[in-house]
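Trainee: Below you'll find the structure I mean.
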């Protein structure tokens, strides 16, 4: 019975309400609109007290939108909403803390690795919480893996983006007008990359536990992880907003390409 929970035909499951089905699409424009309003108010009034609000909206809008889309289009995680939330909180806390320690140690000893090391470390630590769930869970559907990966990436992205923004404000001496516009835009784009990269890697991870076993699942997982590291490294090395937009768009497109087919493999 337990093993069939995520494999029940969609026709037997109650139809989700319209507002839940459209929630991911609604959150994005509402969040971007709120971000623009707060940004305008902050720059007009030069009031740094609005900066935490701006960071929170910017950090959470895209990850929450992608998470809701994955939740709705993927399998029904009935009874597992708490697990998704726990993965976001714990995965984010573990990921940011572990990444900070490992990056500090690695870059001190091997500075030549630079952004490649950062990409490898961050993509690895974001997998800690999903991997723990994978090892203990009895239900290993690819769709659930995507949702948990997106949740872990969301938690990491929100915390990292907020920390990054606060650092920029402090380094500018609290002068809001001096904060680069690119930094503010990255608050919307960087989280999109994080949730997409972790989501596609965990989708490949969950294939390792598929029954019956899938051919080349191990190679697919390694390939997905290396692709995530590559996209992450390209993101860190991008020098223009256009490149950041392009990398984020490609990353989210890959994730959605996994979410839609995974709905058929519940």
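Numbering (this note's numbering), first residue to last: 13 to 278. Virtual Cβ for every residue (Gly too), placed ideally from N, Cα, C.
Is it right to say residue 108 is buried, meaning 16 or more other beta carbons lie within 10 angstroms of its own, or is it exposed?
Mentor: Here residue 108 refers to the residue found at position 96 of the chain shown. Flag for residue 108 reads buried.
Trainee: Please go through the segment 109-165 and give each complete alpha helix (DSSP H) segment of 4 or more residues, from N-terminal end onward.
Mentor: 126-137 and 140-148
Trainee: Quick check on DSSP: helix, strand or coil for residue 252?
Mentor: Numbered from 1 along the chain shown, position 240 holds the residue referred to as residue 252. The answer is coil: DSSP assigns residue 252 none of H, G, I, E or B.
Trainee: Quick check: the segment 120-127 against the segment 66-77, are there 3 or more CB pairs under 8 Å?
Mentor: no
Trainee: Looking only at C-alpha atoms, which of 228, 174, 104 and 209 sits nearest to residue 71?
Mentor: Locating residue 71 in the chain shown gives position 59, counting from the first residue. When each option's Cα is compared against that of residue 71, the closest is 174.
Trainee: What three-state label does DSSP hand residue 268 in the structure shown?
Mentor: Here residue 268 refers to the residue found at position 256 of the chain shown. Helix at residue 268.
Trainee: At a cut of 8 Å, does the segment 214-223 reach the segment 180-189 through at least three beta carbon pairs?
Mentor: The segment 214-223 is not in contact with the segment 180-189.
Trainee: To the nearest angstrom, how far is the alpha carbon of residue 97 from that of residue 113?
Mentor: As a working note, residue 97 is residue 85 in the chain shown. As a working note, residue 113 is residue 101 in the chain shown. Spanning the two alpha carbons is a distance of roughly 25 Å.
Trainee: Are the segment 156-175 and the segment 99-108 touching by the rule of at least three beta carbon pairs closer than 8 Å?
Mentor: yes
Trainee: Let's test the definition: count the other Cβ atoms within 10 Å of the Cβ of residue 47 and tell me whether it reaches 16, buried, or not, exposed.
Mentor: Here the question's residue 47 lines up with position 35 in the chain shown. The residue is buried, with at least 16 neighbouring Cβ atoms inside 10 Å.
Trainee: For the candidate residues 116, 77 and 160, whose alpha-carbon lies nearest to that of residue 93?
Mentor: On the chain shown, residue 93 is found 81 positions in, with the first residue counted as 1. With distances taken between Cα atoms, residue 93 lies closest to 160.
Trainee: Return the CA-CA distance between residue 34 and residue 249, expressed in angstroms with no decimal places.
Mentor: Translated into positions along the chain shown, residue 34 becomes position 22. Translated into positions along the chain shown, residue 249 becomes position 237. Those two C-alpha atoms are separated by around 34 Å.
Trainee: Tell me the DSSP secondary structure of residue 184 in three-state form.
Mentor: Counting from 1 along the chain shown, the entry for residue 184 is found at position 172. Here residue 184 carries a coil assignment [DSSP, helix/strand/coil].
Trainee: Nearest to residue 247 by alpha carbon, out of 202, 180 and 234?
Mentor: What you label residue 247 is simply residue 235 of the chain shown in a count that begins at 1. Ranked by how close their Cα comes to the Cα of residue 247, the residues 202, 180 and 234 have 202 in first place.
Trainee: Count Cβ pairs between the segment 254-262 and the segment 139-151 that sit closer than 8 Å; are there 3 or more?
Mentor: no
Trainee: Less than 7 Å between C-beta atoms, sequence neighbours within five positions excluded: which residues of the same chain meet that for residue 209?
Mentor: Counting from 1 along the chain shown, the entry for residue 209 is found at position 197. The beta carbon of residue 209 sits closer than 7 Å to those of 135, 165, 240, 243, 244 and 263, all from its chain and outside the five residues before and after it, given in chain order.
Trainee: Based on Cα-Cα distance, which residue from 198, 155 and 232 lies nearest to residue 74?
Mentor: In the chain shown, the residue the question calls residue 74 occupies position 62. The candidate whose alpha carbon is nearest that of residue 74 is 198.
Trainee: Is it buried or exposed, residue 266, if we count other Cβ atoms within 10 angstroms and call 16 or more buried?
Mentor: Numbered from its first residue, the chain shown carries residue 266 at position 254. With at least 16 other beta carbons inside 10 angstroms of its own, residue 266 counts as buried.
Trainee: On the criterion of 16 or more Cβ atoms from any shown chain inside 10 Å, does residue 77 qualify as buried, or is it exposed?
Mentor: For the purposes of this step, residue 77 is identified with residue 65 of the chain shown, where counting begins at 1. It is buried - the Cβ of residue 77 has at least 16 other Cβ atoms within 10 Å.
Trainee: Residues in its own chain within less than 7 Å of residue 54 by CB, not counting five upstream and five downstream?
Mentor: For this step, residue 54 is matched to residue 42 along the chain shown. For residue 54, where only same-chain residues beyond five positions count, the Cβ hits under 7 Å are 62, 63, 66 and 188.
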